[in-house]
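Numbering (our numbering), first residue to last: 12 to 183.
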């Protein structure tokens, strides 16, 4: 079913959310659509959903999670970006649990904001929450590089990937 940016159908006052519209089809995305419609109907100020800012999670082995834009999307739009991949083979916690995979950061050139974070590996679906905050707050890699991540943890790989983008690579 087709809807506008407010989840309203072509019939005025009729809204649709979740699996019946051609969007992400994830529970947490549907919750957000419900909040948008309810708050708009209540007369509260709302902004359309940035679907790129909603975490996409895949419960497989290894786990996959991402937020923001892909390399292909950025290339098709002519957006200049830098890419940094931090392998879990350089992460102490992943080594302890024999986890494989990586964290990939896409950021605007010349110190621009983080444009996408993609994770393949252990706990990817758990640590994507930090990536969502980074993307949605349009954080700069240099800002994220200042975050302190506990050692040894899987989420530390997000920090190390940003350190590398900021020119301060620690491991690798």
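Note that the Cβ used here is the ideal one computed from N, Cα and C, for glycine as well.
Spatial distance of residue i from residue j (CA atoms)
i	j	result
residue 16	residue 144	22 Å
residue 21	residue 31	14 Å
residue 94	residue 25	42 Å
residue 103	residue 164	7 Å
residue 159	residue 176	16 Å
residue 52	residue 146	28 Å
residue 57	residue 44	11 Å
Residue i burial status per 10 Å Cβ neighbour count (16 or more: buried)
i	result
residue 99	buried
residue 23	exposed
residue 115	buried
residue 152	buried
residue 142	buried
residue 55	exposed
residue 49	exposed
residue 70	exposed
residue 133	buried
residue 118	buried
residue 11	The structure shown does not extend to residue 11, since the chain is modelled only from 12 to 183, so the question has no answer here.
residue 166	buried
Spatially closest choice to residue i from the options, by CA coordinates
i	options	result
residue 66	74, 79 and 58	79
residue 63	45, 12, 131 and 149	149
residue 106	180, 162 and 40	162
residue 120	101, 41 and 90	90
residue 168	147, 135 and 39	135
residue 122	27, 76, 34 and 156	156
residue 18	47, 111, 178 and 74	47
How about the stretch 112-130 and the stretch 69-84: do they share at least three Cβ pairs that are nearer than 8 Å?
-> yes
If you scan the stretch 13-66 from start to end, which runs of the alpha helix (DSSP H) of 4 or more residues do you find wholly inside it?
-> 38-52
Go through the stretch 66-138 residue by residue and report every complete run of the alpha helix (DSSP H) that reaches 4 residues or more, in order.
-> 82-87 and 103-107
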